[in-house]
Amino acid sequence: YYQHLLPLEEKHVYENVLSYLTTSDILAMRNIGLAVMEKMTAPELQIYQARQVFEEALHTWTYQHCIESIGLDQGEIYNRYRVVPEINQKIQLANKKLNSVLRPDIDLKDPDELENFVMSYTFFAGIFEGCWFYNGFSPIYALQRRGLMTGTAEQLQYIMRDEVLHCAFGIRTVNQIILENNVKLNPVAVKEMWEEAEAAESIYANYILRDPILGYTAKDHIEQFRYIANRRAKQLKHEEPFPGAENKLSWLDEQANLRKEKNFFETRVTEYQTGGALEW
854 YYQHLLPLEE KHVYENVLSY LTTSDILAMR NIGLAVMEKM TAPELQIYQA
904 RQVFEEALHT WTYQHCIESI GLDQGEIYNR YRVVPEINQK IQLANKKLNS
954 VLRPDIDLKD PDELENFVMS YTFFAGIFEG CWFYNGFSPI YALQRRGLMT
1004 GTAEQLQYIM RDEVLHCAFG IRTVNQIILE NNVKLNPVAV KEMWEEAEAA
1054 ESIYANYILR DPILGYTAKD HIEQFRYIAN RRAKQLKHEE PFPGAENKLS
1104 WLDEQANLRK EKNFFETRVT EYQTGGALEW
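Per our numbering, the very first residue in the sequence shown carries number 854; after that it's consecutive.
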């Protein structure tokens, strides 16, 4: 279906979304595994983050499976984060913002260093996973709603289910660190962080949706980012960065609420929501 019936503008969306998501999940896995987990002292946090590293690896494998299944050039798709400026600029911004988290020599007993760490982890949990990932799946879901690329969309639903937990965990951890250590974040720096993220997302959206697809435009994507950003900011106890932003994709939250027990790559499953009877 992909090769013969999907128009060029929808192929452009599909391929570039998968390219960005693949690179981002690898970055997330590296960030958690190499940086954040070793700085956490509570064993229960380390246990969950070990699980999170596994899930990020599984997500990357899932994207690879989708790319292979429809016969795309894997090397070309994976390399786009280097050669497509609109994708690269999001990755570069993430690398810059996550620098404090990735540093092995950071001294978390130093109040300034701790503030830098909290800002980095706030970006990772609230924006990178909470906004960019969460909103990043929506172009594929827009295709799914028209009966297109439904297999890929289902796999992304499983990934989104995980990312919702990752985001909630990260935000709760950030809030607890701030509470326990009386960290005072610079409100100007926080505001600039949200604005930089929105600018990067706008550039990306205008590239992947340079030719709008049926039922979905770059304007919708950007406005939805702003709406989600307001929600994450509230969870982080920040002021709304984009007052008045509208929920353009009212169906997006439903994608994470899977009423099923099957998971990645499973084909024969028992669904707990279907009717059944026990015989004794």
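Even glycine gets a Cβ: it sits at the ideal position worked out from N, Cα and C.
Model, not experiment: these values are computed from the prediction.
{"Item": "Identity of the residue in Ala1082, Gly928, Ile1061 nearest Ala1098 by Cα", "Value": "Ala1082"}
{"Item": "Nonlocal neighbours in the same chain, by C-beta distance under 8 Å from Glu1132, ignoring five residues either side", "Value": "Residue confidence for Glu1132 is low, a pLDDT of 47 falling below 50, so the modelled location carries little weight and cannot support an answer."}
{"Item": "Backbone CA spacing between Ser877 and Thr913 [nearest angstrom]", "Value": "9 Å"}
{"Item": "Those residues which DSSP pairs with Ile1066 across a bridge", "Value": "Tyr1069"}
{"Item": "Under 9 Å between C-beta atoms of Ala1050 and Leu946", "Value": "yes"}
{"Item": "Residue range of the unbroken alpha helix (DSSP H) whose run includes Met893", "Value": "Counting along the chain, Met893 falls outside any alpha helix (DSSP H), and DSSP gives it neither H nor E."}
{"Item": "CB of Glu862 within 9 Å of CB of Pro1065, strictly", "Value": "yes"}
{"Item": "8 Å contact criterion, which Leu1009 and Leu859 should meet: CB distance rounded", "Value": "Contact doesn't hold; Cβ gap of about 17 Å is too wide."}
{"Item": "Integer Cβ distance of Asn932 from Ile1061, believed to fall under 8 Å", "Value": "That pair is no contact at about 17 Å."}
{"Item": "Cβ shell of Asp960 (< 7 Å), same chain only, five flanking positions each side left out", "Value": "Glu966"}
{"Item": "Outcome for His1019 when other beta-carbon atoms lying within 10 angstroms are tallied against a minimum of 16", "Value": "buried"}
{"Item": "Contact under 9 Å by Cβ, Ile1024 with Ala1006", "Value": "no"}
{"Item": "Gln942 vs Gln927 beta-carbon contact at 9 Å", "Value": "no"}
{"Item": "Proximity below 9 Å, CB of Val1027 to CB of Tyr974", "Value": "yes"}
{"Item": "For Glu982 and Asp1015, the rounded distance between their alpha carbons", "Value": "10 Å"}
{"Item": "Where the alpha helix (DSSP H) containing Ser991 begins and where it ends", "Value": "991-997"}
{"Item": "Alpha-carbon to alpha-carbon, Ile885 and Tyr1011", "Value": "20 Å"}
{"Item": "Start and end residues, alpha helix (DSSP H) containing His1019", "Value": "1003-1034"}
{"Item": "Proximity below 9 Å, CB of Phe970 to CB of Lys950", "Value": "no"}
{"Item": "CB contact flag (Arg935, Ala888, <9 Å)", "Value": "no"}
{"Item": "Best match in Glu908, Lys1037, Glu939 for proximity to Arg1063 [C-alpha to C-alpha]", "Value": "Glu939"}
{"Item": "Same chain, Cβ closer than 8 Å to His865, five either side skipped, listed in chain order", "Value": "Ile1061, Arg1063, Asp1064"}
{"Item": "C-beta contact flag for Lys892 and Val954 at 9 Å", "Value": "yes"}
{"Item": "Alpha helix (DSSP H) runs contained entirely in the stretch 912-968, provided each spans 4 or more residues", "Value": "927-936, 938-950, 952-955"}
{"Item": "Cβ-Cβ distance between Ile923 and Ser872 below 9 Å", "Value": "no"}
{"Item": "Exposure of Ile900, with buried meaning 16 or more beta-carbon neighbours within 10 Å", "Value": "exposed"}
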